[in-house]
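Heads up: the first sequence is residues 11 to 501, going by this note's numbering.
Idealized CB from N, CA, C, for every residue including glycine.
Keep in mind the model is a prediction, meaning the values are calculated, not measured.
Data block below; observations after.
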Amino acid sequence: MSIRIYNTLTRRKELFTPLEPNHVRIYVCGITSYDYCHIGHARSALAFDMIVRYLRYRGYTVTYIRNFTDIDDKIINRAAEQNTTTEELADRFIREFYIDMDGLGIDRPTLEPKATAHINEMIDLIAELIDSGFAYQSGNDVYYSVNSFPEYGKLSGRNLSDMQAGARVSINEQKNNPMDFVLWKGSKPGEPTWDSPWGPGRPGWHIECSAMSRKYLGNTFDIHGGGQDLIFPHHENELAQSEGANKAPFVTTWIHHGFVTIRDEKMSKSLGNFLTIRDIVKQYHPEVIRFFIFSTHYRNPLDFSETAMQDATAGLDRLYSCVAAIDCLTAAGDLNVPSLISKKDRVKLTSMEERYQQAMDNDFNTAQAQAILFDTAKILNKIEQQLTENSSPEDVHFLRDTLVVFKKLAGIMGLLQEDAVTYLRQKKAALLEGLDIDELTIEAMIKERNEARGVRDWARSDQIRDRLLAKNIELKDGPEGTAWVIKRNQI
RNA sequence: GGCGGCGUAGCCAAGUGGCCAAGGCAGUGGUCUGCAAAACCAUUAUUCAUCAGUUCGACUCUGAUCGCCGCCUCCA
């Protein structure tokens, strides 16, 4: 039993074996900090949060590095627009980033280095590249020479001649080859600068990840991740820099996740169709967002829609309802009563964890993992419904034990982490706020109706029920009395 | 133009060379109920874009065709 991961570099699923037994080193490209994060950033952070949690669950020690790009063109431009410094702008949006990520319950990586705190490491790396002939100075800039690295293009599956035929590369007189990319940019007036052997300037985008990953994870490490759009040019260039400088393989396994789309289009600022995390969190519980994100395999596109979020809400509620039902059981039955759990169901429940692992071992198939949770919930519900007052306490214990594992497995995706009864109650309270009726009124009307029902005055009883229904309150009469819910489709 | 991916029931979405093609949402039937609703249970694809081929056997492998998407410029 071991984990198989799809590796972008080899374009196939491979058995995952860390370089150092039981220790996984992983580097993920984080945000460029100049704006609020959108749902795509959430997918990225959540995907790797899940991957790291699963690796830890499988017994690995994980060193997880995720950087902040806090200096680049976009930051400089945005800071100028807002009449502030790049430092202030970047720091501000890093704080906003944490608000969003914490809200989604995302675990902090081991270390979150900032580019500007590693200028010296970048300068060292650039100097090494120049010394060994992979880079050259031209004017005040330093460029990486793609022709010096014969394997250039191996990650993205391109070759230099094809790319030049595409000819969307801007012609720059200072470059030897149009595909050469900048390692160090000579400063322009008004921009933040750092001193370097090539004059004052600032680093190019790709070099920071090569420098920081080397510092914290070494020349070669296990996993490098990011969005599919980073494969080219960002990761291709990182690879060329790191392997050029280190004379060692850069990364064993490259993991790239798919995009979040809206109406099947990629989110982009130019289309104006991007949604920020905080817009969505206003409307949906963080676990609903997680449920939605993990309902599709991480490499596939994921289309955001109102319907999809409602489906996710319904699904999560179903799981929570199951947990709540088991949580509320009391184990005060008769030990002499034989178990009513069938052998088949017992096997299904005890094999849950193994089946979950099989799903997750297969390239972190969270969609399948969720199916196993639902499968389990169905059986738990069935048994829970069959229990009577004098059922064997052993049965209740068995359900509870299963539930402990159930919650643990759901927790890898960050689901079912709240107390189920509280979750459902808070949800109800939140919904109630949007209605022009309060809980006391509802309770009073229910009491009145039950008095009517007591004397079999069905007309009056139904009238009260209809009045509540007009307020979107639905009643459910059960053996324990009358409960009420808010109509789901009125959300 | 180059590279890569996708096309599975009303919608979403797994899957594997060979037991009945997971699961969710919606729908339908049942249990429950004074009647309901909710909840729970059950049920819903002779078929996996199309057409060929490989194979004893393909949704799963190969090729072609049609359609959709992404990257090649900053991008999760």
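Check the Cα spacing between S148 and each of D289, K279, S331, K185: the tightest is with K185. The three-state secondary structure of N17, taken from DSSP, is strand. As the crow flies, the alpha-carbon of H307 is around 36 angstroms from that of I86. Restricting attention to beta strand (DSSP E) runs no shorter than 3 residues, the segment 195-222 encloses them at 211-213, ordered along the chain. Around the beta carbon of C338, fewer than 16 other beta carbons sit within 10 angstroms, so the residue counts as exposed. L312 places its beta carbon less than 8 angstroms from that of T271. In the structure shown, I233 adopts extended strand secondary structure according to DSSP, grouped into three states. When L114, T386, I422 are compared, the shortest CA-CA separation from R410 is found for T386. Short of 6 angstroms from the beta carbon of F242, and not among the five residues preceding or following it, lie these beta carbons of its own chain, in chain order: S166. DSSP places G491 in no alpha helix (DSSP H) but in the uninterrupted beta strand (DSSP E) bounded by 491-496. Residues K23, E24, L25, F26, D371, N372, D373 of the same chain have their beta carbon placed closer than 7 angstroms to that of R14, with the five preceding and five following residues left out of the count.
The Cβ atoms of Y153 and F191 sit closer than 8 angstroms to each other. A residue is called buried once 16 or more other Cβ atoms fall within 10 Å of its Cβ, and Q293, having fewer, is exposed. Within the segment 352-399, complete alpha helix (DSSP H) segments of at least 4 residues are found at 353-360, 362-371, 376-396, given in chain order. Under the three-state reduction of DSSP, Y37 is assigned to strand.
Boundaries of the alpha helix (DSSP H) around E248: 246-256.
Nearest C-alpha to L397 among D327, G343, D117, E297: G343. If you draw a 10 Å sphere on the C-beta of N346, you find fewer than 16 other C-beta atoms in it, and that means exposed. According to the DSSP assignment, L312 belongs to the beta strand (DSSP E) that extends over 312-314. Annotation: the segment 61-121 contains the following complete segments of the beta strand (DSSP E) (minimum length 3 residues), in chain order: 71-76.
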